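Chains as they are written, first to last, in this note's numbering: chain A, 1 to 103; chain E, 1 to 167. Positions of the beta carbon are idealized from the N, C-alpha and C atoms, including for glycine. As the structure is a computational prediction, the values presented were derived from the model and not from experiment. Below: the structure, in structure tokens.
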Amino acid sequence: MAGRIKIRAQKKGDITEVKALMRHPMETGMRKDEAGEAIPAHFITEVAVFHGDQTVMQGHWGAAVSANPFLGVRFEGGEPGDTVRVTWEDNQGGTGEGQTTIR
Amino acid sequence: MAVKGVTGKMTTMKAKPISRRRWLQWTLVLGAAAALPGRVWATLVRPDAAFGATALDQALAALGDAPSAHEGIEFVTPDIAENGAVVPIRVAVDSAALPNVTKVSILVEMNPNPLAASFNIPPGTEVYIETRVKVAQTCTLYAVVEADGQLFMQSRETKVTLGGCGG
Numbered sequence: 001m002a003g004r005i006k007i008r009a010q011k012k013g014d015i016t017e018v019k020a021l022m023r024h025p026m027e028t029g030m031r032k033d034e035a036g037e038a039i040p041a042h043f044i045t046e047v048a049v050f051h052g053d054q055t056v057m058q059g060h061w062g063a064a065v066s067a068n069p070f071l072g073v074r075f076e077g078g079e080p081g082d083t084v085r086v087t088w089e090d091n092q093g094g095t096g097e098g099q100t101t102i103r
Numbered sequence: 001m002a003v004k005g006v007t008g009k010m011t012t013m014k015a016k017p018i019s020r021r022r023w024l025q026w027t028l029v030l031g032a033a034a035a036l037p038g039r040v041w042a043t044l045v046r047p048d049a050a051f052g053a054t055a056l057d058q059a060l061a062a063l064g065d066a067p068s069a070h071e072g073i074e075f076v077t078p079d080i081a082e083n084g085a086v087v088p089i090r091v092a093v094d095s096a097a098l099p100n101v102t103k104v105s106i107l108v109e110m111n112p113n114p115l116a117a118s119f120n121i122p123p124g125t126e127v128y129i130e131t132r133v134k135v136a137q138t139c140t141l142y143a144v145v146e147a148d149g150q151l152f153m154q155s156r157e158t159k160v161t162l163g164g165c166g167g
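The following block contains the structure:
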């Protein structure tokens, strides 16, 4: 499953502000469905933000990050037209990727 | 440069047992390779012990030394969260008050696993993280940052009217 990511990157003064919205259930593995069966854990474990080939942020997540996770980061530099990319991996081997250009 | 010399002669040396000098060269090269990106490796490895911890003090202990409170950390959480499944949080560190921050972790005291997320911040990136976390019940949230190998924190209590674990 490759999830798409909605990203916005906007330059404000010297800072580029990145906002990303990922589509993911972020199941903790502790919930049960209507039949009382445990719903297996399914959550994003690794997330990263890139500006060109530079890593801007790299994070490890647990199941306590909300479903359809939102992430906002800010970095120095970055010019309108530059590429900003966000990627994730989950505990079931799924990945997601999205990119945008700085406005 | 040592690598080039070694690999260049590799074919002629094929059958012979590795010489003491060669072995030393390789040890040096590999040693240097392992040492240089040490910082990078350390940050990419998932802190499994901290994520697996089921109590706040366990999780904090897995992250490092006990953090001391620091006013340079701005930690914004809602006073009251109507829905514990989606609690917006923001961590921003004033780099003048607290420079060289390399890591930001978010912990939720009463969650089954208190550590929710851990972010590595390379130089050039603002120490600024916005995200949303699940909060099982009314409790204290902690933002723990690492600067120059030391841990600092800021905490906030959030009241939850509807738990984050419910269906």
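- Item | Min CB distance V144(E) to chain A below 9 Å | By this cut-off, V144(E) is not an interface position.
- Express the C-alpha separation of S118(E) and L60(E) in angstroms, rounding to a whole number. CA-to-CA, the gap between L60(E) and S118(E) works out to about 12 Å.
- Message: For A97(E) and E71(E), which I take to be in contact (beta-carbon distance under 8 Å), what is that distance rounded to the nearest angstrom?
- Response: That belief holds up - the Cβ atoms of A97(E) and E71(E) are roughly 7 Å apart, short of 8 Å.
- Message: So that I know if they touch, is there some Cβ in chain A lying closer than 9 Å to that of N120(E)?
- Response: yes
- Message: Just to check my reading of the structure: D57(E) and T158(E) have Cβ atoms closer than 8 Å, yes? What is that Cβ distance to the nearest angstrom?
- Response: At roughly 19 Å, the Cβ-Cβ gap does not stay under 8 Å, so D57(E) and T158(E) are not in contact.
- Task: Round the Cβ separation of R23(A) and R8(A) to the nearest angstrom and send it over; I've been treating them as touching at under 8 Å.
- Result: The distance from the Cβ of R23(A) to that of R8(A) is about 15 Å, inconsistent with a contact at the 8 Å cut-off.
- Message: Between V86(A) and chain E, is the shortest Cβ-Cβ distance under 9 Å, so that the two count as touching?
- Response: Residue contact with chain E for V86(A): absent (no Cβ-Cβ distance below 9 Å to any residue of chain E).
- Item | Local conformation of M153(E) per DSSP, three classes | Of the three classes helix, strand and coil, the one that applies to M153(E) here is strand, per DSSP.
- Query: Is it right to say V144(E) is buried, meaning 16 or more other beta carbons lie within 10 angstroms of its own, or is it exposed?
  - Reply: buried
- What are the boundary residues of the beta strand (DSSP E) that F119(E) is part of? L115 to N120
- May I have the straight-line CA-CA distance separating N68(A) from E37(A), to the nearest angstrom? 23 Å
- Query: Under the DSSP definition of a beta bridge, which residues are partnered with A9(A)?
  - Reply: In the DSSP output, where bridge partners are listed per residue, A9(A) has V18(A).
- Are the C-beta atoms of N100(E) and some chain A residue less than 9 Å apart? no
- Task: For W57(A), return the contacting residues in chain E, with the cut-off set at a CB-CB distance below 9 Å.
- Result: The sequence given here places Met at residue 57(A); Trp does not occur at that position. Under the 9 Å cutoff, chain E gives F119, N120, I121, P122, T125 and I129.
- Task: Go ahead and pull the three-state DSSP assignment for R172(A).
- Result: This structure leaves residue 172(A) out entirely; chain A is present only between 1 and 103.
- Would A96(E) count as contacting chain A if we go by Cβ distances under 9 Å? no
- Task: Rank C139(E), V160(E) and K103(E) by C-alpha distance to the C-alpha of M153(E) and give the top, closest one.
- Result: K103(E)
- Message: Per DSSP, what are the beta-bridge partners of S68(E) in this structure?
- Response: Residue pairing of S68(E) in beta bridges, as defined by DSSP: F152(E).
- Item | Nearest-angstrom Cβ-Cβ length linking A41(A) and G29(A), presumed shorter than 8 Å | 3 Å
- Assuming Q58(A) contacts N120(E) (C-beta within less than 8 Å), just tell me the rounded distance between them. 5 Å
- Query: Quick one: what's got a C-beta closer than 7 Å to T51(E)'s C-beta in the same chain, skipping five residues either side?
  - Reply: Inspection of the sequence shows that residue 51(E) is occupied by Phe rather than by Thr. Take F51(E), set aside five residues on each side of it, and the residues of its chain with a beta-carbon closer than 7 Å to its own are N113 and L115, in chain order.
- Query: Would I15(A) count as contacting chain E if we go by Cβ distances under 9 Å?
  - Reply: yes
- Reference R90(E), options P67(E), E109(E), T54(E) and V127(E), closest by Cα: Nearest of P67(E), E109(E), T54(E) and V127(E) to R90(E), Cα basis: V127(E).
- Item | Among V49(A), E34(A) and D82(A), nearest to V73(A) - alpha-carbon criterion | Per the Cα distances, V49(A).
- Message: On the DSSP letters alone, give me the boundaries of the beta strand (DSSP E) that G72(A) sits inside.
- Response: Per DSSP, the unbroken beta strand (DSSP E) holding G72(A) starts and ends at F70 to E76.
- Query: According to the neighbour-count rule (16 or more other Cβ atoms, all chains shown, within 10 Å of its Cβ), is P47(E) buried or exposed?
  - Reply: buried
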